[in-house]
Amino acid sequence: MASSPSQRDYSAPCPGCGAPVHFASAQSSFAVCEFCRSTVLRDGETLKRIGSMAEVFEDYSPLQLGASGMVKRNGKPEPFTVVGRAQYKSAAGSWSEWVAALTNGELAWLSEDNGSFVFAVNWQPPGWKVTEFQQREWRMGRELKAGTESFTVTSIQDAQLMAAQGELPQLPQLGKSFKLVELRSEKNQILSIDFSDKTPAFSLGAAVALEALQMQGLRSSAQQKSQGRHFNCPKCAAVVPVRFDTTKALSCPSCGSLIDMSKGMGAELSYAEQRRKVKPLIPLGSEGTLDGLKWQVVGFQRRSGRGLGEDEDDSFTWDEYLLYNKKAGFSFIVDSEDGWSTARVITGAPKLSKNGATATYLQRKYQRDYAYLAETEYAEGEFYWPVFKGAKSSNVDFANGGKQSTLALETANQETTWTHGQRASAETIAQAFGTGKLKDRSQVSPLSGSGFSWGTILFWLFLLLFILPFLRACMSSPNCDPRTDPNCSYSRSSSGSYGGYTSGGSHK
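If you read the sequence shown in the numbering used here, its first letter stands for residue -16, the second for the next number, and so on.
The structure is reproduced here in structure tokens:
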């Protein structure tokens, strides 16, 4: 017999197999039977089978159904329990959103965001009347007012539901594409708009650490290890261990191939060979202490940049080291032609001026420094976002205080990411990770590392002295015709500039 519909806690037999289907919140309209995976629609006291749900893929998240925690709302702690899960994918990758039931029956979401988590609740922006998705109304970078806060559109994705389990307030059609728009504020808030239904669903969230949520009932390390945190490389068949729950890409330690894990370990794994190996100055696995926290190097990228507009002849490279700390999550060390720096991805979106010349973050104004196209040339290690050779992005760097503090804006696949960086000395990085002396490229002379030797310079100097008389004779002749005289040519000035020393060094 079904429990009373007036109760928040509701159970009834699955119309597919007869097993009990449980609803912890009156706001939950859908559930997936844990025994037969029937998709069930709740209508009052009646449960109706509307289809079958795909099995969730193993992403090794520490979360699981039944886990509980405590979240601060309006300054007060409020208990919650994880009751559902939905797995989505888009061009930007795949991710999970966990449904959390609060003690008052309200539902919230705990989802992944750039290697960390976001806790969000239902929220209707004051004065907004949004129905279906209209392309002309939504564009990347558009600023919108919601109440007293300003939000910037940072992501427009064509998303699809891949799988689900437990109970959910809404359930997009399996495999059907729908629009998902994300806006962020300077105060690190995230406003999400889900257009999978006729009426858009709004949620407002902020970044959280699992440790701060005082979670209980998480999957233990033993549970995860028993399910095999490794797989065979699709290129060479060597065993590839997986360390992090959020890993979307990693390299094979044997053949160096870069493997795409964005669809989970159970899916067919694609890979890219990397024949030219780049040796990091800070070896993978190195540990060091920065700002009082102990970090480990878990990933390395060599990236290249090419200027835009008048700077299109400007090209440069830089290196990024992905760091991990169990409590603080992920951060970066960047080695660019501007020097060394430390950086972290920020949850919010700095406020851009209308002409894009400045960006304001935490009441500090940053000046636009450089715009360029970036490309990944080589990657090694483990990454929480999809990394692949040849991955391209559009980047803009902003600087404050003589580049002592920086902001980097990176756009790819209709999604923008902001990173905040602080300049660090080569000595600080070297001492922290015990690497010995590291070069600071911002202090390297133009000839060092450029491939030019003094012998090469003397050769070109001799050649110039040899042809100079011919050029002088041509220039002094009033009847010089470049079409008939082989020693005569037009003089042309180049609009491009040599710019190997203006690297921004952006980060994912």
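Each residue gets a CB set at the ideal place from its N, CA and C atoms; glycine is no exception.
Beta-carbon proximity list for residue i, same chain, < 6 Å, skipping 5 on both sides
i             : result
cysteine 0    : Phe18 and Cys19
serine 314    : Leu306 and Arg327
serine 99     : Ala190 and Gly312
glutamine 199 : Ser51
valine 113    : Pro183
Beta-carbon proximity list for residue i, same chain, < 7 Å, skipping 5 on both sides
i                 : result
serine 203        : none
leucine 421       : Leu264, Ala409, Ile412 and Ala413
aspartate 177     : Leu163, Pro183 and Ala184
serine 35         : Arg20, Ser21 and Thr22
serine 186        : Trp92, Ala103, Val104, Asn105, Trp106 and Ser175
phenylalanine 381 : Ala342, Tyr349, Gln350, Arg351, Asp352, Thr389 and Leu390
glycine 224       : One detail in the question is off: residue 224 reads as proline in this sequence, not glycine. The answer, listed in chain order, is Arg212 and His213.
Top-ranked residue by Cα proximity to residue i, from the options
i                 : options                           : result
alanine 189       : Ile242, Trp106 and Gly76          : Trp106
lysine 72         : Arg167, Ser245 and Gly322         : Ser245
leucine 93        : Pro224, Pro45, Asn87 and Glu28    : Pro45
aspartate 42      : Val15, Lys231, Leu154 and Asp318  : Lys231
glutamine 279     : Glu270, Cys219 and Arg286         : Glu270
lysine 128        : Glu169, Leu144 and Phe100         : Glu169
tyrosine 367      : Asp228, Ala332, Ser388 and Pro333 : Asp228
tryptophan 111    : Glu120, Val66 and Phe416          : Glu120
leucine 233       : Gln284, Glu293 and Gly67          : Gln284
glutamate 365     : Val379, Leu267, Asp302 and Leu273 : Leu267
threonine 75      : Ala221, Phe416 and Thr399         : Note that residue 75 is alanine in the sequence shown, not threonine. Out of Ala221, Phe416 and Thr399, Thr399 has the C-alpha closest to the C-alpha of alanine 75.
alanine 332       : Val136, Gly27 and Val82           : Val136
tyrosine 353      : Leu291, Phe315, Glu89 and Phe313  : Leu291
leucine 193       : Gly419, Lys55 and Glu393          : Lys55
phenylalanine 299 : Val261, Leu252, Gly312 and Ala357 : Ala357
methionine 53     : Ala83, Asp180 and Asn215          : Ala83
isoleucine 329    : Asp321, Ser319 and Tyr344         : Tyr344
glycine 417       : Thr389, Leu273, Pro60 and Asp297  : Leu273
glycine 49        : Leu201, Ser377, Asn378 and Cys219 : Leu201
lysine 277        : Ser319, Pro108 and Gly312         : Gly312
lysine 159        : Ala220, Asp96, Leu144 and Trp81   : Leu144
glutamate 95      : Asp302, Pro108 and Arg68          : Arg68
arginine 125      : Val222, Glu115 and Glu165         : Glu165
valine 66         : Gln47, Ser77, Pro60 and Lys59     : Gln47
leucine 154       : Trp301, Arg289, Arg25 and Val113  : Arg25
glutamine 216     : Met198, Ser253 and Gln199         : One detail in the question is off: residue 216 reads as cysteine in this sequence, not glutamine. Answer by Cα proximity: Ser253.
threonine 131     : Pro109, Arg122 and Met123         : Pro109
valine 261        : Asn171, Asp243 and Trp301         : Trp301
glutamate 115     : Gly275, Lys181 and Arg122         : Lys181
tryptophan 401    : Arg259, Glu28 and Arg167          : Arg167
glycine 275       : Val113, Lys310, Glu28 and Gly419  : Lys310
Beta-carbon spacing of residue i, residue j below 8 Å
i              : j                 : result
lysine 375     : alanine 391       : no
serine 240     : glutamate 256     : yes
serine 79      : phenylalanine 63  : no
tryptophan 323 : alanine 195       : no
histidine 213  : arginine 327      : no
leucine 163    : alanine 37        : no
isoleucine 173 : glutamine 397     : no
serine 179     : phenylalanine 161 : yes
valine 104     : alanine 91        : yes
glutamate 360  : serine 287        : yes
glutamine 70   : alanine 142       : no
threonine 325  : glutamine 387     : no
glycine 317    : glutamate 295     : For clarity, residue 317 is valine in the given sequence; the question names glycine instead. In this structure, glutamate 295 does not lie closer than 8 Å to valine 317 by Cβ.
serine 133     : lysine 334        : yes
tyrosine 517   : asparagine 378    : Residue 517 lies beyond the stretch modelled for the chain, which goes from -16 to 491, so this question has no answer here.
Own chain, CB closer than 8 Å to residue i, minus 5 neighbours either side, in chain order
i                 : result
cysteine -3       : Pro3, Val4, Cys16, Phe18, Cys19, Ser21, Val23, Leu30 and Arg32
asparagine 57     : none
alanine 362       : Ala232, Ser234, Leu241, Gln257, Gly282, Phe283, Gln284, Arg285, Val370, Phe371 and Lys372
cysteine 507      : Residue numbering for the chain in the displayed model covers -16 to 491; residue 507 lies beyond these limits and cannot be assessed.
alanine 221       : Asn215, Cys235, Pro236, Ser237 and Cys238
phenylalanine 435 : Reliability fails at phenylalanine 435, whose pLDDT of 44 lies under 50, so the model's placement of it is uncertain and no value is given.
Residue i CB to nearest heavy atom of the ligand ZN below 7 Å
i           : result
proline 263 : With respect to small molecules bound, the structure shown includes none, and the ligand ZN cannot be examined in it.
Three-pair Cβ contact test at 8 Å for the region 341 to 348 versus the region 138 to 150: no
Mind pulling the beta strand (DSSP E) runs of 3 or more residues that sit fully within the region 225 to 308? Counting only runs of 3 or more, we get 232 to 234, 241 to 243, 253 to 255, 270 to 273, 276 to 290 and 298 to 308.
Specify whether the region 358 to 374 and the region 331 to 341 touch according to this definition: at least 3 beta carbon pairs, one from each stretch, less than 8 Å apart. no
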